[in-house]
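Everything on this sheet refers to the single structure shown next.
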Amino acid sequence: MVTAGSAAVGLPLPFQFLVFTVVATVTVVFVRPIALRHVRGPQTERFGIDALIGRAAYVVSEVTGRGGRVRIDGEEWTARAYDETLVIPPGKTVDVMEINGATAIVYPRD
């Protein structure tokens, strides 16, 4: 539209090319990032170990601040209690608070 306007005003062809180049560059630099944000949208789905945070786990062997074992979605993980003074007996349900390497940091639901 801007280039058509410059042609309608009677500006010479090289100047019209310059106007087109400037407007196209400005559009790509400023409008493209905004358009990409709208197309991509926010990432709401978590993957990998991030998807395990907040899940329920079943205590397989006693979990303390030093160690233990839990089952998360059918997989057995090493675990530690979020509060190091807690002792969580086998059979309890816990929540996964975070994953530290290959160890689930858990807190009892009760």
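In this note's numbering, the protein residues as written are 1186 to 1295.
No residue lacks a Cβ here, since even glycine has one placed at the ideal position from N, Cα and C.
Here the structure is a predicted model, which means the values were calculated and not measured.
The C-alpha of residue 1235 lies about 8 Å from the C-alpha of residue 1284. The DSSP-derived three-state label of residue 1218 is helix. Going by DSSP, residue 1287 is part of no beta strand (DSSP E) at all; its letter is neither H nor E. Taking every protein chain shown into account, the CB of residue 1219 has fewer than 16 other CB atoms within 10 angstroms, so this residue is exposed. Of the candidates 1241, 1229, 1253, the residue whose Cα lies closest to the Cα of residue 1281 is 1241. In the displayed model, residue 1231 falls within coil according to three-state DSSP, outside both helix and strand. Counting the other CB atoms within 10 Å of its CB gives residue 1289 a total of 16 or more, which places it among the buried residues. Each residue's CA atom was taken as its position, placing residue 1213 and residue 1191 some 20 Å apart. Pairing residue 1276 with residue 1215, the inter-Cα distance amounts to about 57 Å. The way I'd put it, the region 1252–1264 doesn't touch the region 1192–1205; fewer than three beta-carbon pairs between them come closer than 8 Å.
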